[in-house]
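Heads up: the sequence shown begins at 78 in the numbering used here, then just goes up one per residue.
Reading through the structure tokens given below for one structure.
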Amino acid sequence: MRATRALIHLNTFRDNIRLVRNRVGPGPKICAPVKADAYGHGAVPMAKAALEAGAAYLAVATVGEGTELRKAGIDAPILLLSAPIPEELPELVSSKLTPLVWDREFIQALSEAAGETALTVHLKLDTGMGRVGCRPEEAGEIAAYIAGFKNLSLGGILTHLAVSDSEEADHSRYTKEQLARLRDGVERVKKAGVDPGLVHAANTGGVAFHEDSFFDMVRPGILLYGYAPDGAEKTLPVKPVMELITQIVYIKQVKKGETVSYGRIWTADKDTTVATIPIGYGDGLPRRLSGGALQVRINGAWYPQVGRICMDQCMIDLGSESAVKRWDKVTLMGADALNAAEIAAKLGTISYEITCGINKRVPRVYVESTTAP
Ligand SMILES: *Cc1c(COP(=O)(O)O)cnc(C)c1O
């Protein structure tokens, strides 16, 4: 196996799920989002670990993601969060996914595709995210429409929160309004004579900041992978599950005035030692980190990345008197180095995009933290 690997700390993941369980109490079910290959951590292993640690539901974004879990022998309910196109419906049915529905055209197409197969659906309300879902006022009629199909049954009703991860007063107020609209939708479904099933709303921000969003199930994603929103680090001391490592493959002396890598954006200001590591933007390490934003850890000390990050390699300035040796381990991201949120902040993005971005060329290695990598 190549030196560049993403170590996935399974015990940390299970600990993070336990922290969520402690936060929400024994009542609500936990749905573990494993979309986008479990935020880059590997869908099947993370889904299995989540179920072992007490999650009852899984969530994916695409039909293909759901099928991958079924092929791995997972039989837990799987919510399909994003809308499929008609040609995906036969696979949705054969994989027994639980789609989110909100409009008559789709519900009818789904029922036709299901044929003799009984499918459970969840009713999605748009309470202010502005992405997908019916308006809360329509919830009763749509629930009754679902109830009219013999092969469909309503298993839940949900919404998605747009600003729940912010403690700002304006945002808290907006979240409260979204939750009130969800409760209104639930009442309308009940008035229409339909059992709404599981009520759910809480993403990571909901779990962190809004106890009134827990209802019957919570769906925290990034929190399970180790990133709590700003201000929730103390109440939810989750730890990063992914650790990105590599090894030094070459060390050389660079003289004052010499340049390193494409574009010559870095010039040695003194004689120094430079290490080459086999990771680049072809692995999903953002090229925009080039030239000083990225600090890596080697044998417990920090060193700067220097020069342009190439597709497959980049360079580290070890300084003039370094004891670092060829083949030494380098940590680019993780609990002992910069974490994905810190790297994301340097790029004006979010931790999600960093972990999702580490691509297939980087093998995922599943470890318990006591295991030496
Ligand atoms: C992705 C997603 C989640 C999880 O969001 P996080 O911010 O990672 O907690 C929950 N619900 C829906 C509908 C989603 O699309």
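Backbone N, C-alpha and C fix where the C-beta goes; we use that ideal spot for every residue, glycine too.
query	result
Is the beta carbon of ARG258 within less than 7 Å of some heavy atom of ligand 1?	no
Determine the extent of the beta strand (DSSP E) in which MET78 is found, giving its start and end residues.	No beta strand (DSSP E) holds MET78; DSSP gives it neither H nor E.
Between the stretch 302-319 and the stretch 336-349, do three or more beta carbon pairs fall short of 8 Å?	no
Enumerated in chain order, which unbroken segments of the alpha helix (DSSP H) with a length of 4 residues or greater are wholly contained in the stretch 309-347?	none
Using CA atoms only, rank isn't needed, just tell me which of ARG95, ALA149, ALA153 is closest to ALA136.	ALA153
Quick one: give me the first and last residue of the beta strand (DSSP E) that HIS277 is part of.	275-279
If I follow the unbroken beta strand (DSSP E) through HIS237, where does it start and stop?	Element bounds for HIS237: n/a, residue is neither H nor E.
Out of GLY282, PRO306, ILE234, ASP242, state which residue places its alpha-carbon closest to the alpha-carbon of VAL271.	ILE234
What's the call for ALA449, buried or exposed, on a 16-neighbour Cβ count within 10 Å?	With a pLDDT of only 47 at ALA449, under the threshold of 50, the placement of this residue in the model should not be trusted, and no figure is reported.
Shortest alpha-carbon distance to GLU335 belongs to which of LYS329, ILE328, VAL326, ALA345?	ALA345
Is it the case that the CB of PRO381 approaches a heavy atom of ligand 1 more closely than 7 Å?	no
I'd like the list of long-range same chain contacts for ALA124, defined as Cβ closer than 6 Å, with 5 residues on each side in sequence excluded.	VAL111, LEU135, LEU146, ILE151
Excluding the 5 residues preceding and the 5 following VAL331 in the sequence, name in chain order all residues of the same chain whose CB lies nearer than 6 Å to its CB.	ALA345, THR349, VAL351
Reducing DSSP to helix, strand and coil, say where VAL121 ends up.	helix
Any idea if ILE299 is buried or exposed, counting beta-carbon neighbours within 10 angstroms, 16 or more meaning buried?	buried
Within this structure, are the beta carbons of ARG98 and GLY131 separated by less than 8 Å?	yes
Got a sec? Which residues, its chain only, sit under 6 Å from THR432 by beta carbon, not counting five neighbours each side?	TYR116, GLY117, MET319, ALA417
Given this structure, state the Cα-to-Cα distance separating ARG364 from ARG91, to the nearest angstrom.	32 Å
Relative to ligand 1, is the shortest distance from any of its heavy atoms to the C-beta of HIS237 smaller than 7 Å?	yes
Rounded to whole angstroms, what's the CA-CA distance from ALA80 to ILE322? Just pull it up for me.	8 Å
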